[in-house]
Structure formats: structure tokens, C-alpha cells
Ligand code: HDD
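Numbering (full-length UniProt numbering), first residue to last: 1 to 711.
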């Protein structure tokens, strides 16, 4: 057995999981100082900077084609790129572990969902859908949430999103929805945006997309972090237990940090200020030991109850309301290791919905059935027929079959036959007892035709259910988002018709949006709003069990003459709460505290200067006092903008001593009164304490935990 292939004894010795061991053979340490430069074929090279040429110190002559090293270097470079994913091109990944807390053996015999003693290695890739590989992380879009479980029975992929429903019911419409959303064909505009005519034209004409576009226009479309969004398998799968009974299932991942989003202005600015914000955030958290975690849950419906719902449970544009089908949390997913190299791992990872393990299977969900064809197919053009041999994709259990050859083949099979049956009885099919995949025997009969069941035709009930379930601020954000998008459509047919469509969801929503985008303001609901709500749709239903600031980024703004007691006190309080303090100042060279001699003192070296970073990159801002520091900051427009912008984005802001008046002045808006309770003022997410006492720091941390932006 090759090490790493389920070699548990060796794993116990090395402390590496099966996938780490498996990939160890492919890894090379580029930082090895003893290593020497060679060609791809191992010949040591003395010079990798100058092409071989006819040259002297006085004259540079022609280059020689004969230079094999030069040619190899350029050939390799010319072919570095592979086709980017046709959707979900921009992504970030990490390794981790899946642990099961409760066996689901009543509904499945899958080892990964029944054996609570296991720790299953996973690789997760998050992504945006529409943008190309170099687009920004914080655009308004659906996020991909793809999980590869390297189980003892083979690879299992959940290729999900952060939104539980989809735009289309039948896979055949996928090219249409994606063409409509991607840049328009005549000018390749816009990049990574649905704010254009074609997208909204399609949304109007294709009514089954209504529910999903409401999710994408809500705060779900602009998550604060990959670590703070839910993951959903979206499609309906099936589970089969040891008795051979079948259940339908939907998969859920719920983040322990809670579900949080940006406000739109922040997301827009970040797209330019730090287009890599989400991928950096993922690595920063893992490197700081704040491992992202999700509870893993299943919603299960027994086969006998398939027809008991007003919607078709195979329709991917519908959620299964939690009141009717509760989520049963049975496991936990943790990400705890960054990738070693982006291309070989995050770029070359290939997911397939068709990859399931014994005990898990597919329903007749027409979206899922089509996906099962599409993913394998796309890997052929991205990676070639031997993509399953790439280290990130290969399973940790043994692989043996008659599939052979093809471009880039690595496995070397020994033996004289490559077919089954063969005269040696070599590589026999497995029995059920040996763990073979058993297809669920299902009776199927019917007419062959291009049709969906009648229930698939209802497209608005759940769009209303979703909108009704949002909190007032989520509703307001959704209306603004729709207005932003439609404002970018210049064809009146598109934005006027879409406003009409909104009357099928909620008349007042339609009226708000129509007024903003310059469409006739509708006076009559397209259909009455049924007024029903459900839990688990608003992201306010997913606050962390305990408020937490773990892994949050907090900026402390200082200038020369700052108050060291307040500065050090708040920094310590932030660190001990598991958050990340960053010192920001007018320059990155040392800043000196009040009373510190600038010649002999060491000062504090800021992490960034005020122009180098913006408030958008932080969750909260604290300004310590110090008369000179504050007088400098008062004259610095960027410092004022930092505080004012953070306030506008509903972030927690703290200040002590002389900084109190500075912060209050910076945040003062007509009509905004900061309420005061003695020395400590705690109002509109701003906490100030004129006296520096330990309580001030505790108050700041408490306030940061409760701030609106974190909800
Ligand atoms: Fe898809 C990639 C999620 C419908 C065809 N899809 C892709 C990825 C995610 C999803 C997360 C990125 C995987 C990665 O990180 O490599 N897709 C979904 C969800 C869907 C969905 C949740 C609806 C429930 N997809 C869907 C349909 C089709 C595809 C209906 C085609 C019929 N999806 C693809 C693809 C991609 C892909 C073209 C591009 C790259 C890849 O597969 O590996 O085949």
C-alpha cells in the first residue's frame, strides 16, 4: 500500500491526515537552500538569466536557438495557463477536516455520515460565479461553496452555493442563464456584475428565477467573508440506509461565526481598494488559528412523503421550509490549513456532483441530473482526461480499474491484461459486503417528453416568503440593490418590466424601486402577497450563539503624542478577545507616544499608514486620546474620513480622552444625538470614554461584539 492510502498507523505517527500523506510525494520544498537550479530533466544549470548568444564584453550578438534551457523556460511559460472555469473562475480554497457528531445511520449507510470516530480530510473552494479569474472578490454575486470529502470509500463532492435555491429548474437552461449574466457579447461589458440589460431581461422573461434573484439582491450577495456565509448543496440528493430505505436530503453548512454581510458601499469600494479581500481574509483567519467552522446539517424527507408538499421537492428553485422539514445538525466542517500552491491545488481542483459514495445518491431533480453530466465534461477541457490523477483530485483510498492511457497519464499499471473479465480473474468487481456502490432499485415508468411536473410551474410563493421573512434593514438593502442594478440598465423595456415583475412579490418593494429607477410606479399588486414568513431565510436567524469578535480586524488610529495607556490597553483587550489589532497612523515609520523622546525612544511601528489602507478593510475603529495626536488627526482629512466612513458603514467605533470630541465631531450628522450615560457614551455603535479606565476597553470590546454591522 502506498503511504497515505488509508495508512492509519503511519498517520498516527506523522500526525498528518490521509490526504496530506497522499500529497506528500508530489511536494517539493522550493525554499531548500541546498537545492540547485536544474532543467525539468534534472541537469544542473549555472545561469538562468542570459540566453546563450554570440557575445563578448564589447558586443552583444545574435541569440542561439540551440539554448535548450532558454527554450524550455519560454516553452513552459507559454503554456502556463489552462482555460479558466466557464463559471466560478475566481476562487479561494483551503484544507480542513470533517467530523461527525451524530450518526445518520437511520437514513444512510455512508461511512462518512455514520462513523463518528472518523476524521475525514476535506478541500473546500469558495468562488464568485460570473467574474473572470482576475475579478474582484466583493462583487454582488452568488458564492460557490464546493466541498471535496476524501472519504475512505472514495471522493464525495458537495458542489454548493451560499444561497439555497437556484435560478433554473432544468439543467438545459444553464447556458442561457449564464450567457445572460456574463458580460454582454458585443462589448464584453460588464465584468462580474449582473447590473446590465441582458441579465434583467432574462430574469423578467424566465419567471422561475424570481426567488433566486431576490436572494442574490439581498445581503447574501455581498458576504463579509467566506467564513461568514452558509453553504447549501441546493439540489435534492438521496440517502439510502442499510435496510435499503430511501430518503430525500438537502445538505446545509452553517457558520459558527454567524452569517454577516458588507453594506453595498463597502463592497463597491473594496472591489477597487482590495480586490483580494475575501481570499486574504480566509488565509489570515487560518494563519491566526481562528479556524473557520460550519455545522453540517441534513434536511431529510422519507420517500413516502415525496408528494406531501405544495412545491415539488425536486425543484431546486424551492427551499424546504424549516418549519416543515427541520435541519438536523450532525457534523462539523473546519478549515485549518491554507493551500501550499494556488495553481496545483485551488485551480486544478475539480468537483463533480456525480461523485458520491455508497449510501448517497441522486434524486430525479432535473437540475442535478444535468449537472452530473456537465462537471466531468468541463474538466476534460480544463484539465484533460487524466484530471483524476492530479494530487488534489485523487482519492485517498485505493483506485483500480481498466481505464487507461490518455494525455498526461501518471499511473503505471503492471500486468498483461487491461480488461475485465480476464483469464487471471484479476481486479474483480466488489461485492456489497466489500463496500461496493449499490444503485437504488427504483421503478420508473412514464411518457418520454420534454416536461416538468405541474408543481414546477409555481414561481412566486417562495419569493414572497423570502422577502416577507427579511428584517426591515435587509428589506431596505434589497430594495437599494435592485435599484442599483436596474439603474445600470439603459433599456427602459428592461427596467420597467422588471419593476412590474416586483409587484408579483410585494407592491411596496416594486414602488420603491420603480420610483428610484425612473419606471412608472405600479399601483396594483401583480398578485397578492400571502404574508407568510419562515425561519432560516433571514440572515438574522444565523447570529452566532455567543457574540464574538474572534478574527475581526480592528484599526487603532494614532499620531505622535498618542496616549500610550489607552493604546496599549485597547490593543491587549482586542488580542485577548481573539481579534486582530492593526495600528494605523499618518506614516509607517515609528510614531511616538506622549512624553516619549523621539531621539531615544523606539516608538511604535504602525502596520499601515492612513493612505495605504481604508476603513473598509476593518470591522471597527478605535482612537486613543493624546492632545498632540488628536490635533494632528483633526487636520488630516483622511483620518476624519476614516472615522466618518466607518460610522457610515455602521461599524463600532471607540474613543477615549481627547479622541472623544474628535470622533463625535467626525461622526456628527444632522439630527444624530449621541446619548450619554455618565462618562461612557454608547450610542449608534460609538463608544467613548473621556476617562481612561479599564472599563473603557471592556466597553469597546463589548460594543464591537454587539455592533450593528456584525449582525
Ligand atoms: Fe455549477 C462550477 C455550483 C448548477 C455547470 N458550480 C460550479 C462551482 C460551484 C457550482 C460551486 C465551482 C466548483 C469549483 O470550485 O471548482 N452549479 C452550482 C450550483 C448549482 C449549479 C449550486 C445549482 C444547484 N452548474 C450548474 C448547472 C450546470 C453547471 C445546472 C450545467 C448544466 N458548474 C458547471 C460547470 C462548472 C461549474 C460549467 C464550471 C467549472 C466546473 O464546473 O468545474 O461545469
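Every residue, glycine too, gets a C-beta built ideally from N, C-alpha and C.
Option in the options with minimal Cα separation from residue i
i           : options               : result
residue 317 : 167, 390 and 419      : 167
residue 328 : 94, 64, 662 and 101   : 101
residue 360 : 110, 30 and 629       : 110
residue 632 : 387, 561 and 398      : 561
residue 164 : 124, 81 and 251       : 251
residue 494 : 72, 176 and 201       : 201
residue 555 : 540, 565 and 571      : 571
residue 127 : 108, 147 and 116      : 147
residue 338 : 97, 466 and 538       : 97
residue 464 : 544, 580 and 503      : 503
residue 225 : 536, 355 and 162      : 162
residue 728 : 475, 398 and 507      : A query on residue 728 cannot be resolved here, the shown segment of the chain reaching from 1 to 711 and no further.
residue 641 : 408, 279, 665 and 433 : 665
residue 199 : 638, 567, 490 and 585 : 490
residue 157 : 354, 626 and 427      : 354
residue 42  : 207, 68, 23 and 64    : 68
residue 79  : 71, 85 and 86         : 71
residue 419 : 428, 411 and 412      : 428
residue 505 : 487, 59, 516 and 533  : 533
residue 721 : 248, 402, 547 and 657 : Residue coverage of the chain in this structure runs from 1 to 711, which leaves residue 721 outside it and unanswerable.
residue 451 : 274, 315 and 28       : 315
residue 721 : 446, 254 and 565      : Outside the shown range of the chain (1 to 711) lies residue 721, about which nothing can therefore be said.
Proximity of residue i and residue j at Cβ, strictly below 9 Å
i           : j           : result
residue 655 : residue 622 : yes
residue 137 : residue 290 : no
residue 357 : residue 437 : yes
residue 155 : residue 395 : yes
residue 73  : residue 48  : yes
residue 239 : residue 104 : yes
residue 630 : residue 643 : no
residue 191 : residue 132 : yes
residue 234 : residue 160 : yes
residue 236 : residue 115 : no
residue 525 : residue 498 : no
residue 294 : residue 256 : yes
residue 575 : residue 619 : no
residue 485 : residue 195 : yes
residue 382 : residue 292 : no
residue 748 : residue 321 : This structure cannot settle anything about residue 748, because the visible part of the chain is limited to 1 through 711.
residue 634 : residue 662 : yes
residue 519 : residue 557 : no
residue 649 : residue 265 : yes
residue 509 : residue 567 : no
residue 537 : residue 480 : no
residue 714 : residue 373 : The question about residue 714 has no answer, for the chain in this structure spans 1 to 711.
residue 408 : residue 386 : yes
residue 588 : residue 603 : no
residue 376 : residue 332 : no
residue 246 : residue 302 : yes
residue 552 : residue 573 : no
Beta bridge counterpart(s) of residue i as assigned by DSSP
i           : result
residue 31  : Bridge partners of residue 31: none, in fact.
residue 323 : Answer by DSSP bridge pairing: none, since residue 323 is not bridged.
residue 420 : According to DSSP, residue 420 bridges with nothing at all.
residue 269 : Paired residue(s): none; residue 269 is not in a bridge.
residue 398 : DSSP output for residue 398 lists no bridge partner at all.
residue 199 : Bridge partners of residue 199: none, in fact.
residue 63  : 53
residue 604 : 591
residue 360 : 239
residue 478 : DSSP, once it has assigned bridges, lists no residue as partnering residue 478.
residue 92  : 126
Subject >> Unbroken stretches of the alpha helix (DSSP H), 4 residues or longer, contained in the stretch 551-590 >> reply: Counting only runs that start and end inside the stretch 551-590, the alpha helix (DSSP H) elements of at least 4 residues fall at 564-576.
Subject >> Inside the stretch 498-542 only - alpha helix (DSSP H) runs reaching at least 4 residues >> reply: Taking only runs of at least 4 residues, the alpha helix (DSSP H) segments lying wholly in the stretch 498-542 are 507-517.
**OP:** Pick out the complete alpha helix (DSSP H) segments inside the stretch 622-676, 4 residues or longer, and give them in chain order.
**Re:** 627-634, 637-648 and 659-667
Original post:
Which runs of the beta strand (DSSP E) spanning at least 3 residues fall entirely within the stretch 300-347, listed in chain order?
Top reply: 328-338
Original post:
Which parts of the stretch 172-227 are runs of the alpha helix (DSSP H), unbroken and 4 residues or longer, counting only runs that do not cross its ends?
Top reply: 174-181, 197-205 and 210-217
Original post:
Which runs of the alpha helix (DSSP H) fall wholly inside the stretch 443-489 and span at least 4 residues, in chain order?
Top reply: 461-469 and 472-487
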